[in-house]
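Chains as they are written, first to last, in this note's numbering: chain U, -1 to 179; chain Y, 29 to 510.
Every residue, glycine too, gets a C-beta built ideally from N, C-alpha and C.
Taking it in order: structure first as structure tokens, then the write-up.
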Amino acid sequence: MSGDLSTVETLRAALSQRFPQARPTAAAIHQPDRGDSRHAFSTGWLTEVVADVGAGGCSLVLKQLASLLKSHPERYGAFVDLSHQLYPPAAAALGIPLRRLLLLRPKSVSLALKAVELLVSGGGIRMIALDLPAGTAPLRLSIAHRLRRLIRQRDVALVFLVRHTLTPADCRIELSVGDTQ
Amino acid sequence: MSVACFLIPQLPLQAALRTHPDDDTARKPVALMQTTRGRRTVHSCNTIARRSGVRAGMDRSTALGLCNDLLLVDACDTQTQQALDALADVLGQFSPLVSLFPPDAIVVDLTGIRPESVSLDALSKAALSVGIEAHVAMGHSPFAARALATVHHQTPLNRPNKEQQLLANLHLSSIQLPPDTLKALAVIGIHTLDAFLSLPSAAVARRFGAVAHRRWKEAKGIRVVALPPYRPQSPVAETRTVDDPIERMDLLSFHLKTLVDRVLQRTRGRNRGIEELTVTLIPVRNDPNHVYRTVLDLGRPQADATLLLQLLRERLAHNPPQAPIEQIRITVSRDAPLNHQQLTLFGDPAAPEPIELTTVRLVGLLQGEERLVTALRDDYRPEQAYERVPFNAQTQDSSTFSLSAERPVRLLPIPQALSQWNADALEPLLPVLSGPERLQGGWWDGRPAARDYWIVAEPTGKRSWVYRDHRTGCWYLHGLFD
């Protein structure tokens, strides 16, 4: 998160820009409930975005990815898309240079985690987003610990986009959509 | 001028054996077989086979009768040429001027190179690195070096007097004279080069023919052997065929290491690095259904054997071959000049690896899925508006992209039919936030689409992208705004 705005205000601004009709109110965004909110999406930190499909989690992650790639033109980003739903033209419209975004569509969670470990170990990636579909089992603590140690070593931002909490993250953001009717 | 000559004794036999996995062939009787007029006969054999009485021209059964454990290998002109190319490639690391000296030698021009920087030992080891045992000798001309190589004299470059002395005493069989000429010279008592050179030029031309006269002039230094410089014609490739099919990964890994080392030596000799490596594993009986082929697209030129092997092992571990392997073939399908890099004084253990290598590992992990990035396409159909393409670090996004209308960040791979919606309805059942947006096209590729899209608000506050298919009238959920 950059600038003088706090994390919540930045999220609110991003969401209202993305969903003008949804009128996201203060109630729609919970405070980052764990860790230091200033480090959400920072490199070396594991951020967990807990959001139902439609709550704006994916756009938020893509916006952050675009911002990081813009400020580090020599680095790359990765989106590990387990649900096989990410629509690249929409990501491009959010400012992501598609040639610098590795879009992986593994067939299983274990393969996705292996891919994430490989990406982090490589060191050429600035931010990795892992989109895990509903029904994914919580990650083993050893895996989470290993990933956190690796991202600190390699200075990579790792973001889990999940429907429910899966891992002990450094920072967690919960998003939900209020009733607009 | 100072040159080194690599004379390859029994070149066809060595060429056949260098693709043979059995490293004990030096201790086994081996015969190279040829087929002439339907008969399989011995072309040449090694010393151990010769001790058992095997000789060139013998038929197969006679040779096997004399030596039970005789290993028979087939002669192949392509293999012979490949062996010569391999050696010429490797020798490129010593000098830019390498020439083939037919039929079985290669000459390297070392003029201007300090003698102490190129030892005969280093030259011999270079040949061995591609599986060829050569006799190496140095001389002041290609002719002298080749003649000395026949007797395997390792003449130091800085002792020309010694070279002249050795050449003078050299037997005439060392200078490629026809057998008839050798016999004729022996009849008049001429056996050494010194004696041969004492004959008058006109007499040699008249009595012993054009070839002998040419050799005489070359030995005198009047005529220089013209050897065109070697120019690599084909991509670097190395093959290995095994008798016992390989089923274990460690054994496969061992053979791969040998081949990768050879391939790297050759590309280094060409002063290039490997950008793309193709590995083909051919199963028993060449079953086309089980031919395993994998391509390492390294993105930038590499010359690190450890790295290449690691990548290959990863690829094979994630996606192992499905049948026992009989032949391994490694081809450098793309190479490029090496980008030399300044090294740090104490190394940098935490330095990130190039992104191209990470993508190579990913391709292995994702079982051959090579298209890791996306590119936009000019197509109205949402599902056709992008394509997945292989990663290339050199390609950059040319400009920022903007959509003419809002698109969801999640697009369902298969549109979900909204069966409860009335097909006759022309408007969505849910509150419309925007639309309709008519998208149609695809008549040109046989997948026509004619749809009206709406962005609708669900009762939960989420937004969805739905469309009505013009042809069927059915409603579908195609995307989710998230």
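Chain Y contact residues for residue i, given Cβ-Cβ distances below 9 Å
i	result
Ala89 of chain U	Thr402, Val437
Val51 of chain U	Arg438, Lys490, Leu508, Asp510
Pro181 of chain U	Summary: the structure shown does not reach residue 181 of chain U, with chain U confined to residues -1 through 179, and so no result is reported for it.
Per-residue DSSP class, three states only, for residue i
i	result
His506 of chain Y	strand
Leu13 of chain U	helix
Gln139 of chain Y	Strictly speaking, residue 139 of chain Y in this sequence is Thr, with Gln absent from that position. Thr139 of chain Y: coil per DSSP, three-state reduction.
Arg466 of chain Y	strand
Leu205 of chain Y	coil
Arg438 of chain Y	strand
Cys56 of chain U	helix
Gly237 of chain Y	helix
Pro365 of chain Y	strand
Phe129 of chain Y	strand
His199 of chain Y	strand
Val118 of chain Y	helix
Ala25 of chain U	In this prediction, Ala25 of chain U has a pLDDT of 39, which is less than 50 and means its spatial position is unreliable; what the coordinates show is noted afterwards. Ala25 of chain U: helix per DSSP, three-state reduction.
Gln338 of chain Y	helix
Gln422 of chain Y	coil
Gly392 of chain Y	helix
Met(-1) of chain U	Note that Met(-1) of chain U has pLDDT 40, beneath the 50 cutoff, so the model's placement of it is unreliable and no number is given.
Asp31 of chain U	Summary for Asp31 of chain U: the model assigns pLDDT 44, below 50, so the residue's position carries little reliability; its value from the coordinates is reported in the next sentence. Three-state result, Asp31 of chain U: coil.
Glu455 of chain Y	coil
Ile216 of chain Y	coil
Gly93 of chain Y	helix
Val51 of chain U	coil
Asp332 of chain Y	coil
Leu45 of chain Y	helix
Leu326 of chain Y	strand
Residue burial classification, residue i (beta-carbon count within 10 angstroms, cutoff 16)
i	result
Gln42 of chain Y	buried
Glu384 of chain Y	buried
Gly122 of chain U	buried
Ser106 of chain U	exposed
Trp472 of chain Y	exposed
Gln330 of chain Y	buried
Ala53 of chain U	buried
His199 of chain Y	exposed
Val239 of chain Y	exposed
Ile160 of chain Y	buried
Tyr85 of chain U	buried
Ile133 of chain U	The sequence given here places Gly at residue 133 of chain U; Ile does not occur at that position. Flag for Gly133 of chain U reads exposed.
Met29 of chain Y	exposed
Lys153 of chain Y	exposed
Residue i - partner residues in DSSP beta bridges
i	result
Phe34 of chain Y	Y:Ile134, Y:Val164
Val180 of chain U	Missing from the structure shown is residue 180 of chain U; chain U here goes from -1 to 179 and no further.
Ser72 of chain Y	Y:Leu60
Phe77 of chain U	U:Leu101, U:Ala127
Leu156 of chain U	U:Leu44, U:Ile126
Trp493 of chain Y	Y:Ile483, Y:Gly507
Ala103 of chain Y	Ala103 of chain Y pairs with nothing; no bridge assigned.
Leu84 of chain U	Y:Arg438
Ala478 of chain Y	Y:Gln468
Contacts of residue i in chain Y (Cβ-Cβ under 8 Å)
i	result
Gln83 of chain U	Arg438, Leu439, Leu440, Pro441, Leu508
Cys56 of chain U	Val437, Arg438, Asp510
Leu109 of chain U	Leu393, Leu394
Lys60 of chain U	In the sequence under discussion, the amino acid at residue 60 of chain U is Leu, which differs from the Lys named in the question. Those within 8 Å of Leu60 of chain U in chain Y are Val437.
Cross-chain neighbours of residue i in chain U, by beta carbon under 8 Å
i	result
Phe419 of chain Y	Leu100
Leu385 of chain Y	Gly120
Closer than 9 Å at the beta carbon, the chain U residues around residue i
i	result
Ala413 of chain Y	Tyr85, Pro86, Pro87
Thr423 of chain Y	Arg97
Beta-carbon neighbours of residue i, restricted to chain Y and to distances below 7 Å
i	result
Gly121 of chain U	Pro380, Glu381
Lys112 of chain U	Leu393
Where residue i meets chain U, residues with beta-carbon distance less than 7 Å
i	result
Arg343 of chain Y	Correct list: empty, because the minimum Cβ distance to chain U is about 13 Å.
Arg389 of chain Y	Leu116
Between the region 253 to 271 of chain Y and the region 354 to 363 of chain Y, can you find at least three pairs of beta-carbon atoms closer than 8 Å?
Short answer: they touch.
Can you confirm whether the region 67 to 84 of chain Y touches the region 133 to 143 of chain Y when touching is taken to mean that 3 or more C-beta pairs between the two stretches lie within less than 8 Å?
The answer is no - the region 67 to 84 of chain Y does not touch the region 133 to 143 of chain Y, with fewer than three Cβ pairs under 8 Å.
The region 444 to 453 of chain Y in contact with the region 465 to 485 of chain Y per 3-pair CB rule at 8 Å
These segments do not touch.
For the region 254 to 266 of chain Y and the region 107 to 121 of chain Y, state whether three or more C-beta atom pairs, one from each stretch, are separated by less than 8 Å.
Touching, per the Cβ criterion.
Cβ pair count under 8 Å reaching 3, the region 203 to 217 of chain Y against the region 225 to 239 of chain Y
Cβ pair count under 8 Å is three or more, so yes.
Contact between the region 400 to 419 of chain Y and the region 41 to 53 of chain U is defined here as three or more beta-carbon pairs at a separation below 8 Å; is this criterion met?
The region 400 to 419 of chain Y is not in contact with the region 41 to 53 of chain U.
Would the region 490 to 507 of chain Y count as touching the region 412 to 426 of chain Y if we require 3 or more Cβ pairs under 8 Å?
In short, these stretches do not touch, since the Cβ pair count stays below three.
Between the region 144 to 154 of chain U and the region 105 to 120 of chain U, are three or more C-beta pairs nearer than 8 Å?
Yes, the region 144 to 154 of chain U touches the region 105 to 120 of chain U.
Do the region 336 to 347 of chain Y and the region 287 to 294 of chain Y touch if we need at least three Cβ pairs shorter than 8 Å?
Yes, the region 336 to 347 of chain Y touches the region 287 to 294 of chain Y.
If you pair each beta-carbon of the region 71 to 78 of chain U with each one of the region 96 to 106 of chain U, do three or more pairs fall below 8 Å?
Verdict: yes, contact present.
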